[in-house]
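Chemist:
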Amino acid sequence: MSEYLSGYSVSKLLKGYERREFSPVDVIQDAFKAIDAQQPLNAFCLVDRQLGLDMALASEKRWREGRPQGLLDGIPVAIKDTCTVKGWPTRFGSLTQGSAGSAEEDQPIVARMRESGAIFFCKTSTPEFAWKGITDSRLTGVTRNPWLRDRTPGGSSGGSAVAVAVGAAPLATGADGGGSIRIPAGFTGIYGLKPTAGLVPSYPSPLGTMAVVGPLSRNVHDAALMLEVISQGDARDSFSVPARNLSYVEALNAGIKGMRIGLSLDLGFGCTDPEVAEAVLGAADCFRSMGAVVDVVELDLRDMREAFQVLWAVGFTEILGRLPKRELHKVEPELRSQMDIAGRLSGMDVQHARRMCRVLSARLQNTFESHDLLMTPTTPVTAFEAGLLTPDSSRFPNWWDWTPYTWPFNMSRNPAASCPCGFSGEGLPIGLQLVGRWFDEETVLRASHAFEQARPFPLAR
């Protein structure tokens with residue numbers, strides 16, 4: 344259990360408020376203590392103590408009067424600095440946004456949580472425009488992993504993952520265009536869910552259906568509860584679907600007996616470290632012991648890499664293209680190089696990449712006709728040296744080469760979650776990825792919860 348009230352589970356906090364064992368003000372004060380204690384990790388790029396306290400006082404009053412506002416009343420939520428929050432600047436980890444003004448409106452995910460009574464008190468660090476799988480930038484510096492401080496927490500939602508892992512908040516927002524929720528969840532030993540594209544509205548979203556927003560949490564229940572709050576349609580997102588009005592929490596305890604799970608350690612083209620493979624195989628045995636049927640499936644997704652690179656380059660070139668040309672020299676060179684890549688592409692190249700997304704979706708549909716879930720490692724490696732783009736440039740030339748199990752499901756739009764499933768010899772968390780059918784978050788969450796009950800998730804020291 345966290346030494347800070349702000350690290351308690353959402354259900355424990357809500358019960359504490361109801362029983363008057365502590366108040367939202369007590370919790371937000373502990374959140375600030377956690378932030379102060381963990382400054383060396385460099386996870387927070389904005390801390391608004393006054394707003395946090397004001398929102399906590401308002402929540403405390405509602406609880407005292409017996410009229411909580413919603414499912415998250417009094418719950419501190421850390422916000423990734425790619426999410427707009429009314430009254431706060433959004434800097435995207437970029438020097439080009441260093442003088443950004445305050446946002447005039449909330450992003451949909453923020454608006455839904457505000458309506459539900461959540462407390463906003465901080466923004467978390469992200470790489471520049473969230474373009475890569477680690478968290479560092481020229482604007483905010485290097486963010487570090489609470490398990491070993493010389494290691495990266497992953498990215499691009501690394502600051503949010505650290506905030507949850509150290510107990511500064513039970514919930515945080517993440518955004519995932521190629522693994523950016525699941526990678527840091529795996530590296531920091533917490534839970535992260537990338538929903539189906541369209542389930543949680545995202546506006547604006549320059550990467551189309553590839554990038555989605557979702558929860559990071561210490562346990563599955565809290566992620567399910569947050570998903571209930573944020574999965575409401577918004578007409579500004581043309582991919583957004585109408586609210587489905589499901590209780591993801593109620594579905595958690597249905598068990599997994601008879602569930603059919605396909606296992607792939609490499610998706611046909613990855614190179615998984617032995618200790619990661621061992622941890623995932625151990626998790627598969629755990630699922631079998633609970634009554635699930637787990638068998639190896641043959642998949643080969645290597646032909647998707649080029650398509651992902653094309654879509655990534657085009658997406659970030661569009662983002663950078665909105666900047667004044669005089670500002671481009673402030674952008675880190677590796678990100679700026681995406682403009683050069685995009686400049687060599689034709690319209691036919693882009694259309695082919697989009698077609699490959701549909702090809703991938705159809706290929707996975709064949710797997711999901713006979714299986715309820717797909718199980719893979721979250722990443723083939725554990726957390727490596729902070730500040731490096733890749734753990735081994737000869738083995739993994741770019742960040743998407745050491746994340747081959749996450750970005751395919753951004754292309755295909757399937758829901759996918761990362762669960763802690765073990766540790767490396769160095770004591771670093773290892774992540775297990777569970778992938779479901781479109782809009783079947785219930786099954787992903789149910790299987791995640793069953794695994795958590797059998798193998799409780801550890802917390803950062």
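Residues 344 to 804 (my numbering) make up the sequence shown, in order. Heads up, the beta-carbon is just placed ideally off N, CA and C, and yes, glycines get one too.
1. Pull the bridge partners of Pro419 from the DSSP assignment, please.
2. Can Leu414 and Leu568 be called in contact, C-beta distance under 8 Å?
3. Considering just the uninterrupted stretch of the alpha helix (DSSP H) at Ile378, what are its terminal residues?
4. Taking the Cβ atom as the reference point for each residue, do Phe782 and Thr539 lie within a distance shorter than 8 Å?
5. From Arg579 to Val724, what does the alpha carbon distance come to, in whole angstroms?
6. In three-state terms, what does DSSP make of Gly800?
7. Is the beta carbon of Cys426 sitting closer than 8 Å to the one on Val453?
8. Note down, in chain order, each residue of its chain lying with its Cβ closer than 8 Å to the Cβ of Arg392, except the 5 sequence neighbours on either side.
9. Using CA atoms only, rank isn't needed, just tell me which of Met456, Ala473, Pro496 and Phe612 is closest to Phe435.
10. What's the C-alpha gap between Ala635 and Ala759?
11. Exposed or buried, what is Asn385 when buried is set at 16 or more other beta-carbons lying within 10 Å of its beta-carbon?
12. For chain C, is any of its Cβ atoms less than 8 Å away from the one on Cys700?
13. Assuming Tyr534 contacts Ala566 (C-beta within less than 8 Å), just tell me the rounded distance between them.
14. Closest to Ala506 by CA distance: which of Leu703, Val637 and Ala377 is it?
15. My guess is that Ser863 and Pro470 are in contact by the Cβ rule of under 8 Å, so how many angstroms apart are they, rounded?
16. Scan the region 569-653 and note each continuous beta strand (DSSP E) run of 3 residues or more that stays entirely inside, going in chain order.
17. Have a look at the DSSP bridge pairing and note the partners of Cys762.
18. Comparing C-alpha positions only, which one of Ala790, Thr721, Leu663 and Gln652 sits nearest to Trp743?
19. On the three-state DSSP scale, how would you describe Gly517?
20. In the DSSP assignment, the beta strand (DSSP E) including Phe387 goes from what residue to what residue?
21. Just tell me which of Ala790, Pro720 and Trp406 has its CA closest to the CA of Val368.
22. Taking C-alpha atoms, which residue in Asp379, Thr552, Leu491 and Ala515 lies nearest to Asp521?
23. In angstroms, rounded to a whole number, what distance separates the CA positions of Val584 and Ala399?
24. When you compare each of Ser523, Leu716 and Lys600 to Trp745 by their alpha carbons, which one comes out closest?
25. Look up Ala790 in the DSSP assignment and say whether it is helix, strand or coil.
26. Residues in its own chain within less than 8 Å of Met344 by CB, not counting five upstream and five downstream?
27. Taking the alpha-carbon positions, what's the Asn709 to Ser791 distance?
28. Leaving out the 5 sequence neighbours to the left and right, which residues in its chain are closer than 7 Å to Val428 when beta-carbon positions are compared?
29. For Gly541, list the residues DSSP reports as bridge partners.
30. Using alpha carbons as the reference points, say which of Leu707, Glu458, Ile573 and Pro513 lies closest to Arg561.
31. Cβ of Ala650 within 8 Å of Cβ of Ala696?
32. Select from Met456, Thr719, Arg481 and Leu731 the residue whose C-alpha is nearest the C-alpha of Val623.
33. Under 8 Å, do Glu571 and Tyr591 count as touching if we go by C-beta distance?
34. Using CA atoms only, rank isn't needed, just tell me which of Arg780, Pro489, Gln796 and Arg457 is closest to Arg706.
35. Can you check the region 448-517 for any beta strand (DSSP E) of at least 3 residues that lies completely inside it and give the ranges in chain order?
36. Would you identify the three-state DSSP class for Val702, choosing helix, strand or coil?
Modeler: This is what the structure gives:
1. The residue labelled residue 419 in the question sits at position 76 within the sequence shown. According to the DSSP secondary-structure assignment, Pro419 is paired through a beta bridge with Ile462.
2. Within the sequence shown, numbered from 1, the residue matching residue 414 stands at position 71. Within the sequence shown, numbered from 1, the residue matching residue 568 stands at position 225. Taking 8 Å as the Cβ cut-off, Leu414 and Leu568 qualify as a contacting pair.
3. Here residue 378 refers to the residue found at position 35 when the sequence shown is read from its first residue. First-last of the alpha helix (DSSP H) with Ile378: Pro367 to Ala380.
4. Taking the sequence shown and counting its residues from 1, one reaches residue 782 at position 439. Taking the sequence shown and counting its residues from 1, one reaches residue 539 at position 196. Against a cut-off of 8 Å, the Cβ pair of Thr539 and Phe782 comes out as a contact.
5. Position 236 of the sequence shown holds residue 579. Position 381 of the sequence shown holds residue 724. If I take the Cα positions, the gap works out to 38 Å.
6. The count along the sequence shown starts at 1 and reaches residue 800 at position 457. Looking at the sequence provided, one finds Phe at residue 800 rather than Gly. When DSSP states are grouped into helix, strand and coil, Phe800 belongs to the coil group.
7. Translated into positions along the sequence shown, residue 426 becomes position 83. Translated into positions along the sequence shown, residue 453 becomes position 110. Yes; because the gap between Cβ atoms is below 8 Å, this pair is in contact.
8. In the sequence shown, counting from the first residue as 1, residue 392 sits at position 49. Result list for Arg392: Phe375 and Phe464, in chain order.
9. The residue given as residue 435 occupies position 92 in the sequence shown. When the alpha-carbon of Phe435 is set against those of Met456, Ala473, Pro496 and Phe612, the nearest one is in Ala473.
10. Counting from 1 along the sequence shown, the entry for residue 635 is found at position 292. Counting from 1 along the sequence shown, the entry for residue 759 is found at position 416. Rounded to the nearest angstrom, the two C-alpha atoms are 18 Å apart.
11. Taking the first residue of the sequence shown as 1, we reach residue 385 at position 42. By the neighbour-count rule (16 or more Cβ atoms within 10 Å), Asn385 is buried.
12. The structure shown has no chain C; it contains just one protein chain.
13. Numbered from 1 along the sequence shown, position 191 holds the residue referred to as residue 534. Numbered from 1 along the sequence shown, position 223 holds the residue referred to as residue 566. About 6 Å; that satisfies the 8 Å criterion.
14. Looking up residue 506 in the sequence shown gives position 163. Shortest Cα-Cα distance from Ala506 to any of Leu703, Val637 and Ala377 involves Ala377.
15. Nothing about residue 863 can be read from this structure; the chain reaches only from 344 to 804.
16. Restricted to the region 569-653, the beta strand (DSSP E) segments that are unbroken, complete and at least 3 residues in length are 603-606 and 636-639, listed in chain order.
17. In the sequence shown, the residue the question calls residue 762 occupies position 419. Under DSSP, Cys762 takes part in a beta bridge, and its partners are Leu775.
18. On the sequence shown, residue 743 is found 400 positions in, with the first residue counted as 1. Nearest Cα to Trp743 within the set Ala790, Thr721, Leu663 and Gln652: Gln652.
19. Position 174 of the sequence shown, counting from 1, holds the residue named residue 517. Secondary structure of Gly517 (DSSP, three-state): strand.
20. Translated into positions along the sequence shown, residue 387 becomes position 44. First-last of the beta strand (DSSP E) with Phe387: Phe387 to Val390.
21. Counted from its first residue, the sequence shown places residue 368 at position 25. The shortest C-alpha separation from Val368 is found at Trp406.
22. Locating residue 521 in the sequence shown gives position 178, counting from the first residue. Here residue 521 turns out to be Gly, not Asp, going by the sequence shown. Residue Thr552 is the option with its Cα nearest to Gly521.
23. Locating residue 584 in the sequence shown gives position 241, counting from the first residue. Locating residue 399 in the sequence shown gives position 56, counting from the first residue. If I take the Cα positions, the gap works out to 32 Å.
24. Locating residue 745 in the sequence shown gives position 402, counting from the first residue. It is Ser523 whose Cα lies nearest to the Cα of Trp745.
25. Here residue 790 corresponds to residue number 447 of the sequence shown, with the count starting at 1. It is helical.
26. Along the sequence shown, read from residue 1 onward, the residue named residue 344 stands at position 1. Caution is warranted here: a pLDDT of 47 is assigned to Met344, below 50, making its placement in the model unreliable, and the coordinate value is therefore given only provisionally. Cβ neighbours of Met344 beyond the five flanking positions: Gly350, Tyr351 and Leu802.
27. Numbered from its first residue, the sequence shown carries residue 709 at position 366. Numbered from its first residue, the sequence shown carries residue 791 at position 448. Rounded to the nearest whole angstrom, the C-alpha separation of Asn709 and Ser791 is 23 Å.
28. Stepping through the sequence shown from its first residue, residue 428 is reached at position 85. So the list reads Ile422, Ala446, Asp449, Val453 and Phe463, once near-sequence residues are dropped.
29. Taking the first residue of the sequence shown as position 1, residue 541 is located at position 198. Under DSSP, Gly541 takes part in no beta bridge, so it has no partner.
30. On the sequence shown, residue 561 is found 218 positions in, with the first residue counted as 1. When each option's Cα is compared against that of Arg561, the closest is Pro513.
31. For the purposes of this step, residue 650 is identified with residue 307 of the sequence shown, where counting begins at 1. For the purposes of this step, residue 696 is identified with residue 353 of the sequence shown, where counting begins at 1. Going by C-beta atoms, Ala650 is nearer than 8 Å to Ala696.
32. Counted from its first residue, the sequence shown places residue 623 at position 280. Among Met456, Thr719, Arg481 and Leu731, the Cα nearest to that of Val623 belongs to Thr719.
33. Walking along the sequence shown from the start, residue 571 turns up at place 228. Walking along the sequence shown from the start, residue 591 turns up at place 248. Yes.
34. Within the sequence shown, numbered from 1, the residue matching residue 706 stands at position 363. Residue Arg780 is the option with its Cα nearest to Arg706.
35. The region 448-517 contains these whole beta strand (DSSP E) runs: 462-467.
36. What you label residue 702 is simply residue 359 of the sequence shown in a count that begins at 1. The answer is helix: DSSP assigns Val702 an H, G or I state.
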